[in-house]
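Novice: FYI, this note's numbering numbers position 51 of the sequence shown as 466, with every residue one higher than the one before it.
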Amino acid sequence: MQISARNAFKGKIVHVEKGATTAVVKIEVSPGQVVTASITNEAVDTLKLVVGGEAYAVIKASDVMVAVD
Numbered sequence: 416m417q418i419s420a421r422n423a424f425k426g427k428i429v430h431v432e433k434g435a436t437t438a439v440v441k442i443e444v445s446p447g448q449v450v451t452a453s454i455t456n457e458a459v460d461t462l463k464l465v466v467g468g469e470a471y472a473v474i475k476a477s478d479v480m481v482a483v484d
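(1) Figure out for me which residue from I418, I474, V466, D484 has the closest Cα to the Cα of V450.
(2) Could you pull the DSSP bridge partners for A452 from this structure?
(3) For I474, which beta-bridge partners are listed by DSSP?
(4) Quick one: Cα of I442 to Cα of V465, how far?
(5) Could you give the distance in angstroms between the alpha-carbon of G467 and the alpha-carbon of I428?
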């Protein structure tokens, strides 16, 4: 895979929940660190996303927020 986005995190799919048109997919990118994505049900099917499978969380955003405690 080649992609221009600089923030691509490989991980394990820990949750897939389809709704009426969109699905919630959770990818654990490191122990205890989960990235959640909302994608179409069609994308879930096309990519054959299943719990336990591997996938990349690719983050492409024009804004990145930084916070501290």
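Where is the CB? At the ideal position from N, CA and C, for every residue including glycine.
Every value quoted in this text rests on a predicted model; they were computed, and no experiment measured them.
Specialist: This is what the structure holds:
(1) As a working mapping, residue 450 is identified with position 35 in the sequence shown. For the residues I418, I474, V466, D484, the minimum Cα distance to V450 belongs to I474.
(2) Your numbering for residue 452 matches position 37 in the sequence shown. In DSSP, A452 forms a bridge with V440.
(3) By 1-based counting over the sequence shown, the position of residue 474 is 59. According to DSSP, I474 bridges with N422.
(4) Against the sequence shown, residue 442 aligns to sequence position 27. Against the sequence shown, residue 465 aligns to sequence position 50. Annotation: I442 to V465 spans about 11 Å, alpha carbon to alpha carbon.
(5) Reading the sequence shown from its first residue, position 52 is the one you call residue 467. Reading the sequence shown from its first residue, position 13 is the one you call residue 428. Each residue's CA atom was taken as its position, placing G467 and I428 some 5 Å apart.
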